[in-house]
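Position in the sequence shown counted from 1, then plus 335, gives you the numbering used here.
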Amino acid sequence: MHEIDINQVNSLNYDAIIAGSGAGGLLTALALSAAGKRVLVVEKKDYLGGVWHGYNVNGYRVDQGLHVITRITRGAFVRFLTTFLDPPPHFVLHEGWYFRVHDRVGTIPTSIGGTLRWPLTGMRGRLGLLKIGAKIKMMKLEEMKKYKDITFYDFMVSRGATNQVMLDVMQSAIYMAAGVPITEASAYESLRTLKDTDKEEPKLHSIKKMLFGSDEYDEGYVIGGMSGLVERVVDAINGDYILNAPVERITEENGKIHSLVVNGVEIEHDTVISNIPLWSMPNIVSSDNRDVNEFFERWSRMKITKGVTLWLGLDKIVLGDKKNRVLVHPPPNRWIVSISSFDPSAAPPGKELIGIATLRDESQSLEEQVETIKSNGFEKYYSEVLNHIEMEHVQSSYATRAALIPGQTDLDRPGPLTPIDGLFIVGTDTAGSGVGLQQASNSAEGVIHALNDYWNLSNVL
Ligand SMILES: Cc1cc2nc3c(=O)[nH]c(=O)nc-3n(C[C@H](O)[C@H](O)[C@H](O)COP(=O)(O)OP(=O)(O)OC[C@H]3O[C@@H](n4cnc5c(N)ncnc54)[C@H](O)[C@@H]3O)c2cc1C
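Rendered as structure tokens:
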């Protein structure tokens with residue numbers, strides 16, 4: 336893809352226009368390019384990728400947010416990249432989750448035996464975990480759907496599963512997916528995260544896993560980081576892009592898409608894919624049609640997820656492994672990963688890059704929250720990290736555009752179609768199960784299928 340200026344645009348050169356270059360927009364463009372289509376990507380900011388990007392700080396390569404790629408062996412995100420990039424990117428699996436509750440550390444128990452030996456609670460807590468763990472493992476997706484409108488906390492209370500340590504550990508896992516505490520997260524989405532499923536597995540397989548456990552971890556990181564991935568995706572897209580180009584208006588005529596207005600310039604086209612967050616759309620879509628306005632008003636009221644990431648560059652290697660560590664107690668839940676252990680090129684030779692992430696707590700200023708992240712047990716358990724900081728960098732942003740709360744589960748999303756013919760929507764708030772990049776990829780897949788129908792094609796994806 337090549338950068339051009341708004342005045343160089345000839346809309347006849349493109350099969351589709353993509354408004355917004357987040358993961359949803361770029362992955363859609365990637366799949367369309369592979370099918371021989373040409374696109375124009377129009378981006379408001381001065382870089383491509385949306386919240387999926389990375390940059391350098393004093394010799395360290397940080398991502399926007401602490402990114403762990405889920406479902407490396409079977410998810411839509413990795414499938415997109417391995418199908419459409421040649422050679423495929425190199426993913427590195429992590430070594431598992433390690434939860435710290437004060438002086439004790441435990442992984443996620445995956446078998447009956449493992450649960451009965453779980454070091455983080457006493458026997459009563461372990462028995463409670465065994466009961467609820469077995470229930471969740473055997474639960475079918477159809478049954479989970481029944482709980483989409485209650486919170487995970489309410490679900491656990493209704494099952495008598497109220498051991499605080501167990502809830503706190505589950506909170507750590509669910510935070511990654513839902514972006515909100517378990518008192519707000521949809522039970523359906525939380526159950527799916529804990530069971531790590533979009534699909535049913537055969538019952539025998541579930542029972543075997545329950546009895547004997549499984550140490551299959553399907554999460555990790557990628558060599559080259561998020562910036563490396565975005566760069567490769569951008570290179571593989573067939574078309575052009577414009578930066579610093581906010582879409583100010585999307586117009587329709589007689590129920591069909593007519594044009595985009597960008598920096599005062601009107602670009603006419605009959606196929607537009609919008610990756611613009613739905614919360615902005617009521618101010619951008621210009622229509623006299625009540626259905627159109629109601630559609631965008633309705634979906635603009637989604638609650639978003641917000642995260643804080645503290646990046647620390649260390650003058651020597653302190654952690655040096657690929658574990659996902661979560662400091663559960665003392666609170667707040669903090670997720671700690673040594674990114675340079677996955678990809679040493681993220682830090683200068685002999686040094687280490689560590690990311691620490693948590694939910695944004697709006698009751699504190701960002702500075703206060705960073706102090707909390709570095710204290711409350713961090714100084715006790717990671718004093719060596721604090722003694723070797725040579726680079727410190729803080730980020731705060733929305734992580735995904737729709738929190739997985741009741742009323743906003745993937746079952747409640749609008750999908751790729753809008754009431755305007757030829758205007759499609761993509762992004763983490765439009766559709767898609769999974770987490771973050773997985774969700775963006777699932778939504779891109781949805782748009783590609785909708786475009787197959789729109790263009791009467793069978794082979795775009
Ligand atoms: C802190 C943090 C941690 C994360 N951790 C993980 C993780 O561990 N695992 C994981 O899988 N994912 C993770 N993610 C999530 C993942 O990066 C995002 O979910 C995904 O990238 C969002 O994609 P999106 O398609 O919804 O687009 P967005 O990133 O929301 O992109 C929208 C794009 O549209 C542009 N735009 C907006 N308005 C306009 C306009 N008017 N005109 C033109 N352009 C416009 C924006 O500038 C942006 O480029 C994390 C993200 C963050 C920030």
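For every residue, glycine included, the Cβ atom is placed at its ideal position computed from N, Cα and C.
Since the model is a prediction, treat every value here as computed from it, not as a measurement.
- Beta-bridge partners assigned by DSSP to Ala692: Thr644 and Trp670.
- Within a 10 Å sphere around the beta-carbon of Met336 sit 16 or more other beta-carbons, which makes this residue buried.
- Here the alpha carbons of Val705 and Glu697 stand approximately 12 angstroms from one another.
- Excluding its 5 nearest sequence neighbours in each direction, Glu587 has C-beta neighbours in its own chain below 6 angstroms: His593, Ser622 and Ile755, listed in chain order.
- Distance from the CA atom of Gly648 to the CA atom of Leu476, rounded to whole angstroms, is 42 angstroms.
- The continuous stretches of beta strand (DSSP E) do not include Thr528, which lies in the alpha helix (DSSP H) extending over residues Ala522 to Lys530.
- Contact between Ile485 and Pro741 holds: CB atoms are separated by about 6 angstroms, below the 8 angstroms threshold.
- Under DSSP, Glu687 shares a beta bridge with Leu649.
- Counting the other CB atoms within 10 Å of its CB gives Pro454 a total below 16, which places it among the exposed residues.
- Burial of Asp764 is indicated by the presence of at least 16 other C-beta atoms within 10 angstroms of its C-beta.
- Judged by DSSP secondary structure, Ile724 falls within the beta strand (DSSP E) whose first and last residues are Ile724 to Tyr733.
- Checking the 7 angstroms criterion, the Cβ of Leu772 is within range of a heavy atom belonging to ligand 1.
- Remark: the shortest separation between the CB of His402 and any heavy atom of ligand 1 falls under 7 angstroms.
- The beta strand (DSSP E) runs of length 3 or more contained entirely in the stretch 426-510 are, from start to end of the chain, 426-428, 432-436 and 439-441.
- Ligand 1 has no heavy atom closer than 7 angstroms to the beta-carbon of Glu780.
- Not one heavy atom of ligand 1 is found less than 7 angstroms from the C-beta of Glu524.
- Burial check for Gly685: the Cβ neighbour count within 10 Å stays below 16, so the residue is exposed.
- DSSP places Asp788 within a helical segment (H, G or I) once states are collapsed to three.
- By the C-beta density criterion, Val392 is exposed, having fewer than 16 other C-beta atoms within 10 angstroms.
- Assigned with DSSP and collapsed to three states, Leu367 falls in helix.
- Shortest Cα-Cα distance from Thr518 to any of Leu428, Val565, Arg527 and Asp503 involves Asp503.
- Note: Phe759 is bridge-paired with Ile608 and Leu752 in the DSSP secondary-structure output.
- When Cβ pairs closer than 8 angstroms are counted between the two stretches, the stretch 637-657 is seen to touch the stretch 728-746, the count reaching three or more.
- Annotation for Ile407: Val413, Phe426, Leu428, Asp553, Glu554 and Gly555 place their beta carbon closer than 8 angstroms to its own, counting only its chain and skipping 5 residues before and after.
- Counting along the chain, the unbroken alpha helix (DSSP H) around Asp626 starts and ends at Arg625 to Trp634.
- For Ala580, there is no enclosing alpha helix (DSSP H), since its DSSP letter is neither H nor E.
- If you check the C-beta of Pro667 against ligand 1, you find no heavy atom less than 7 angstroms away.
- Between ligand 1 and the CB of Gln399, the shortest heavy atom gap is smaller than 7 angstroms.
- Spatial neighbours of Ser346 in its own chain (CB-CB distance under 8 angstroms, excluding positions within 5 residues in sequence) are listed in chain order as Ile352, Leu375, Ile602, Glu603 and His604.
- Not one heavy atom of ligand 1 lies closer than 7 angstroms to the C-beta of Ala512.
- Counting the other Cβ atoms within 10 Å of the Cβ of Asn610 gives 16 or more, which makes it buried.
- Boundaries of the alpha helix (DSSP H) harbouring Ala411: Ala411 to Phe419, taken from the DSSP string.
- Cβ atoms of Ile585 and Val620 come within 8 angstroms of each other, at about 5 angstroms.
- By the CB criterion at 8 angstroms, Ala775 and Pro751 fall outside the cutoff.
- Shown here for Asp489: same chain residues with a beta carbon closer than 8 angstroms to its own, the five before and five after excluded, namely Ala522 in chain order.
- Secondary structure at Lys591: strand, using DSSP grouped into helix, strand and coil.
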